[in-house]
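Notes to accompany the following structure.
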Amino acid sequence: MASRMHILVALLLCLSSGALAEDPYLFFEWNVTYGSISPLGVPQQGILINGQFPGPKINCTSNNNIVVNVFNHLDEPFLLTWTGIQQRKNSWQDGTLGTMCPILPGKNFTYRFQVKDQIGSYFYFPTTALHRAAGGMGMLQVHSRDLIPVPFDRPADEFAVLLGDWYNKGHKTLRRILDSGRTIGLPDGIQINGYSGKVGEIVTKPLATMEPGKTYRYRVCNVGLRTSVNFRFQGHTMKLVEMEGSHTVQNVYESLDLHVGQCLSVLVTANQAPKDYYFVVSGRFSRKAMTSVAVIRYANGKGPASPELPPPPPENTAGISWSLNQFRSFRWNLTASAARPNPQGSYHYGKIDITRTIKLANSRYQVNGKLRFGINGVSHVDGETPLKLAEYFGESKKVFNYDVVKDEPPKGNTVVVAPSVVNATFRNFVEIIFENQENTIQTWHLDGYSFFAVAIEPGTWSPEKRKNYNLLDAVSRHTIHVYPKSWAAVMTTLDNAGMWNLRSDMAERVYLGQQLYFSVLSPARSLRDEYNIPITQQLCGIVQGLPKPIPYS
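In case it helps, the numbering used here puts the sequence shown at residues 247 to 799.
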């Protein structure tokens, strides 16, 4: 009876928010708990969803409505974000502390969003209290509807692979280290779907099992805290077919770099002698050598995997030329259909005039003897009142000031510690330049949008560099990496009204302030541009108990 009531309430909520009734709904009930996990063989307290690490996979189709009822059984507030899902007109459900009140211990909250006009490989993860270092993440894969042709034959099966660096210290210990003003240092190893394999181990549960002659899709995401990786299949090549929601030109690779927060799909054909093979993951651009393996097994195959692993890319960690050339080989497939029946290439982003250029530089600081990170001299802090709620209730002046962070990096190394909100103009076409003058690689993510990753180059950006942009078939994606002493350029139209988080994908850096929010308000204040606040939205801070403003119409 209770479960039927949950479904009835969820359906009413979905219909009241303006979702199309003919689009299917998928319902999930998740219990978030602590549990013992051992990704690197060392038992520690992890965060499980329905007793699982990685958490349950959301397997859905474009335009599906997703309803996830999350029960928080932890001893701390908790939130999930759905990285890369472009919740159109709905930053209320974005799952960041700037947009939502956290789910308090012993409470629950029902997320509701639509994977509108999207396909591809994504993941969810916790945004609160460095919980990402303890788990709480899982795969979210969005398939094309049957009427939309996919530019490759249907694979025999699909395998979700969540990998990344890992620390043996628990998330609470890591948080105490950061709160004390120190860095958490280098990770202890690399996990693959919750395990760290070694060459020669007897494996009873392979990462995947393939039948000879068939082709399989591997969706691979780097869910780590700071380390770029390179992955490869022993004895097999892979064909890249999708990257962060975009079909790509189908180049063949022996290995691929994957930076923190990024996802992609490759096709692998079982065309070798039937036995075991290794899936190999190694760290990139890190002072510490780290490698982990998982077993790919052929059905009815005989024999263990060879101990000779395929080598990493042919350069030391300080070089970027090999990786830069690989990035330049990634191209949008302009002949493929998108999630809706129109060709992706119809959006000629290279012919749109740039309205605003924003140059963002990441920096590290010492504030009162403690480590902080920031953007353009501002180190963001979260308060008790989410920024989106303060703005919506007309209380923003009590919580934050707009445009504390400027469009250009400041001179010197001064820093302001404050909530960081950029006032953006609805539907402006913006160019964002990420400058990285540090010696470590960076990865950036923008919620609510995809952008065109038009260039990455070493050195310093200047307007003359625009002649090197790819203005034809740059991949539309939601993360961009920036190599040491380099810059990256992206372009996007700010047409998704709401409050959207731009952040470092390095967990230590975002926890210590390397993030900001874009406030994108529609002048019309209309349901055409943004949904009303959900009737079940939690309120906290100074807006708790206030009457809700007049709804959009």
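For each residue, glycine too, the CB sits at the ideal point set by N, CA and C. All figures in this text were calculated on a predicted structure; none of them were measured in a lab.
Among the options, the one whose alpha carbon lies nearest that of residue i
i, options, result
"A545", "K353, P458, S426 and S528", "P458"
"E677", "Q508, A699, L785 and N439", "A699"
"P452", "W690, R543 and L325", "R543"
"N742", "S750, G352, G694 and T373", "G694"
"K643", "S666, N659, I621 and V661", "S666"
"L758", "K634, T429 and L272", "T429"
"N614", "W276, N579, T660 and S511", "T660"
"E488", "H482, L510 and A540", "L510"
"Q360", "N309, T515 and F369", "N309"
"F317", "N277, F324 and P348", "N277"
"M484", "T515, T373 and V506", "T515"
"H505", "V527, A582, F639 and D649", "V527"
"R723", "M745, T494, R533 and W568", "T494"
"S772", "Q784, R749, G787 and I796", "I796"
"L785", "G344, L286 and G287", "G344"
"T603", "A582, S625 and E654", "E654"
"L376", "S390, R358, E404 and K418", "K418"
"V627", "L606, E490 and A664", "A664"
"P558", "W568, Q290, P351 and Q761", "W568"
"G431", "P769, E630, I679 and R755", "R755"
Residue j beta carbon less than 8 Å from that of residue i
i, j, result
"E637", "S765", "yes"
"N682", "N608", "yes"
"E684", "P656", "no"
"L439", "L471", "Strictly speaking, residue 439 in this sequence is Asn, with Leu absent from that position. It is not a contact, given that the beta carbons lie outside the stated cut-off."
"L767", "F672", "yes"
"Y271", "V314", "no"
"F619", "L633", "no"
"L320", "Y280", "yes"
"L502", "N468", "no"
"Y499", "P401", "no"
"H367", "R465", "As written in the sequence, residue 367 is Ser, which differs from the His given in the question. Yes, the Cβ-Cβ distance between S367 and R465 is below 8 Å."
"F369", "M346", "no"
"V789", "F639", "yes"
"P553", "G446", "yes"
"E710", "S732", "no"
"H389", "I365", "yes"
"N674", "D649", "no"
"G529", "D751", "no"
"I779", "W338", "yes"
"A380", "G416", "yes"
Range of the contiguous beta strand (DSSP E) that encloses residue i
i, result
"E681", "F675 to N682"
"D411", "E404 to W412"
"A753", "Careful: A753 lies outside any beta strand (DSSP E), inside the alpha helix (DSSP H) at A753 to Y757."
"W328", "L326 to T329"
"R463", "T461 to N468"
"R610", "R602 to V613"
"Q290", "Q290 to I295"
"Q437", "G435 to I438"
Status (buried if at least 16 other CB within 10 Å, exposed otherwise) for residue i
i, result
"H594", "exposed"
"L266", "Any reading at L266 is ruled out, since the residue's pLDDT is 42, under 50, leaving its predicted position unreliable."
"Q387", "buried"
"L792", "exposed"
"A735", "buried"
"P589", "Confidence is the limiting factor: at P589 the pLDDT is only 48, short of 50, which leaves the residue's position unreliable, though a coordinate-based value still follows. Looking at its Cβ environment, which holds fewer than 16 other Cβ atoms inside 10 Å, P589 is exposed."
"A584", "buried"
"N517", "exposed"
"L513", "buried"
"L486", "buried"
"Q332", "buried"
"K794", "exposed"
"S592", "Here the model assigns S592 a pLDDT of 49, short of 50, so the residue's position is not dependable and the matter cannot be decided."
"K597", "exposed"
"D399", "exposed"
"N714", "exposed"
"Q612", "exposed"
"S799", "exposed"
"K335", "buried"
CB contact check: residue i to chain D, cutoff 8 Å
i, result
"G565", "Absent from the structure is chain D; it holds one protein chain and no more."
Whole-angstrom C-beta distance between residue j and residue i, which should lie under 8 Å
i, j, result
"N311", "D269", "6 Å"
"T738", "W690", "With 8 Å as the limit, T738 and W690 do not qualify as a contact, their Cβ atoms being about 12 Å apart."
"D522", "G547", "6 Å"
"V662", "V624", "5 Å"
"W412", "P397", "Not a contact, Cβ separation roughly 35 Å."
"T329", "F371", "7 Å"
Unbroken alpha helix (DSSP H) run spanning residue i, endpoints
i, result
"W690", "Not the alpha helix (DSSP H): W690 falls in the beta strand (DSSP E), residues Q688 to L692."
"A636", "L633 to Y638"
"G387", "A small correction: the amino acid at residue 387 is Gln; Gly does not occupy that position in the sequence shown. Note, Q387: premise wrong, no alpha helix (DSSP H); beta strand (DSSP E) at G384 to H389."
"K418", "H417 to D425"
"F573", "S567 to S575"
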